[in-house]
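Structure first, commentary second.
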Amino acid sequence: MFAGKRVGLVTNHTGLNAAGRSGVDAMFASKKARLVAIFSPEHGFRGNAADGEVINNSTDPVTGLPIYSLYGKTHRPTSAMLAGIDVLVFDIQDVGARFYTYLTTMALCMEEAGKRKIPFVVLDRPNPISGMVLEGPVLSKNIQDFTGYFPVPVRHGLTAGEMALLHKDIRNIAVDLSVVKLQGWDRASFYGDTGLAWVNPSPNIRGVDAAIMYPGIGGFESTNMAVGRGTDSPFLWFGAPWLNAERLVATLNAADLPGVRFRVENKTPELAIYAGKLCHGVRMEITDRAAVRPMDIFVLAVSALRDRTYYREFRFDEAALRLIAGNNVYKAIFESKDPPEKIMADFRAQCAAFDKLRGRYLLY
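Set out below in structure tokens:
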């Protein structure tokens, strides 16, 4: 596919083959293709930059190739960056949540490649949190923000290749798109079932369970609730100095949600919100990965936190909410007087409609 071609590779530290070798190293050593440029997403080529940290262009010390940051002055590859490239290749492990930015970077690269008649290839990877489970509200088609670029549920159940096919079709992107399919992937499986070594896709997604919980618990990042950044369990815990954790844990356990147990756990985050302050919090233990629904946890928790009698200090930031959700679709969760069951049912109906739509893009 790449023989005799000058290749641009959109990748980071997750771009490894089954033997653990970097795609950059493998392609650079290849005598068939010529790797000429590297493009990196949020968190940088090494994957160690903080959430939201602006990243500058650099040079790879091993290959001497330019590393063009797509999370710095621009989110899109420019004409100068793409000059002399015959094919642009995307190889990054996503986590399966709409507001995780790696697939937005993929889409922007697709669009820019298409404008310049450069073929675009996705080296597909598993959806680590299952390709069967859909959760959360579907983003309106007329909304396109960096953290909300696709009209899909929060937990979308697609691989990168499938999302690329959907994006090309729904947005009528004129691009020569190819997807190199996975071999032997069961879309009902989780990353731990693949036999592949887990590599943290970003500093705070430290395992399959954190990735599973991220589409739900990540919504708290638009509030004055800590989500475990700067602790040993990001996205498996949330809390605040003002939180009545005992009461909230009792509420959550009483709901008997499948696949998860809750307990009180205090932590002192080392960074982010409440750094250095003792926080009373809720620790989540996944007991069944296939059954747990993190968006239901989020909706139920927020519905309880709306009770000012017990949680008068709980707040959400509308601007931050837009960054997390892509639009104000989450706002109703915080302001609605509807019971959580009604909100959950509405989200399930949206996901059922999307499930019918996505069938034409599924590769597995």
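Going by the numbering used here, the sequence shown opens with residue 192, and the numbers climb by one from there.
Just so you know, even glycine gets a beta-carbon here, dropped at the ideal spot from N, CA and C.
Rounded Cβ spacing between residue i and residue j (contact assumed at less than 8 Å)
i: R237; j: H204; result: 6 Å
i: M475; j: F507; result: About 20 Å separates the two Cβ atoms, so there is no contact after all.
i: I556; j: I229; result: Outside the shown range of the chain, which is 192 to 555, sits residue 556, and nothing can be said about it.
i: T478; j: V451; result: 6 Å
i: W376; j: P317; result: 5 Å
i: L256; j: F311; result: Not confirmed; about 19 Å, so no contact.
i: P531; j: I403; result: With a Cβ gap of about 20 Å, P531 and I403 do not count as contacting.
i: A220; j: N208; result: In fact, because the Cβ distance is near 12 Å, the residues do not count as touching under 8 Å.
i: H266; j: L299; result: 6 Å
i: P268; j: E233; result: Wrong, their Cβ atoms sit about 15 Å apart, outside the cutoff.
i: D282; j: G386; result: Not really, about 19 Å apart at Cβ, beyond 8 Å.
Cβ pair residue i, residue j closer than 9 Å
i: M272; j: V366; result: no
i: R562; j: H347; result: Since the first and last residues shown for the chain are 192 and 555, residue 562 lies out of range.
i: G214; j: T202; result: yes
i: K223; j: D315; result: no
i: P406; j: I320; result: yes
i: G305; j: T350; result: no
i: L325; j: F545; result: yes
i: L434; j: M416; result: yes
i: V286; j: K196; result: no
i: I524; j: V493; result: yes
i: Y552; j: L356; result: yes
i: V490; j: P449; result: no
i: Y465; j: A511; result: no
i: V399; j: G409; result: no
i: E191; j: L496; result: Any question about residue 191 goes unanswered here, given that the chain covers just 192 to 555.
i: L327; j: F538; result: Note that residue 327 corresponds to Gly in the displayed sequence, not to Leu. Yes.
i: V370; j: V313; result: yes
i: A441; j: N457; result: no
i: N248; j: G263; result: yes
i: F337; j: T292; result: yes
Host alpha helix (DSSP H) of residue i (start-end)
i: S494; result: P485 to L496
i: A445; result: A436 to A445
i: M297; result: Y293 to K306
i: A481; result: Taken as a continuous stretch (DSSP letters only), A481 belongs to no alpha helix (DSSP H), as it is neither H nor E.
i: S270; result: S270 to L273
i: L357; result: A351 to I361
i: F525; result: K522 to E526
i: G410; result: Where G410 is concerned, there is no enclosing alpha helix (DSSP H), given that its DSSP letter is neither H nor E.
i: F545; result: P531 to R549
Range of the contiguous beta strand (DSSP E) that encloses residue i
i: F311; result: F311 to L314
i: K458; result: V451 to K458
i: A388; result: No beta strand (DSSP E) holds A388; DSSP gives it neither H nor E.
Residue environment, residue i, which counts as buried when at least 16 other CB atoms sit within 10 Å
i: D447; result: exposed
i: N395; result: buried
i: Y501; result: exposed
i: G467; result: exposed
i: T414; result: buried
i: S393; result: buried
i: K528; result: exposed
i: D242; result: exposed
i: V245; result: exposed
i: D360; result: exposed
i: K308; result: exposed
i: V253; result: exposed
i: Q374; result: exposed
i: M192; result: exposed
i: T296; result: buried
i: L469; result: exposed
i: R148; result: Examination of residue 148 is not possible in this model, given that the chain is present from 192 through 555 alone.
i: G339; result: buried
Bridge partners - residue i, DSSP secondary structure assignment
i: S565; result: There is simply no residue 565 to check, as the chain begins at 192 and stops at 555 in what is shown.
i: T202; result: D282
i: P257; result: T250
i: L226; result: V198
i: D336; result: G339
i: L368; result: F311
i: S221; result: Looking at the DSSP assignment, S221 forms no beta bridge with any residue, so it has no partner.
i: V473; result: F429 and V455
i: R420; result: BP columns for R420 are empty, so no partner.
i: F507; result: T414
i: S321; result: In DSSP, S321 forms no bridge with anything.
i: A288; result: R346
i: S231; result: S260
i: E326; result: R346
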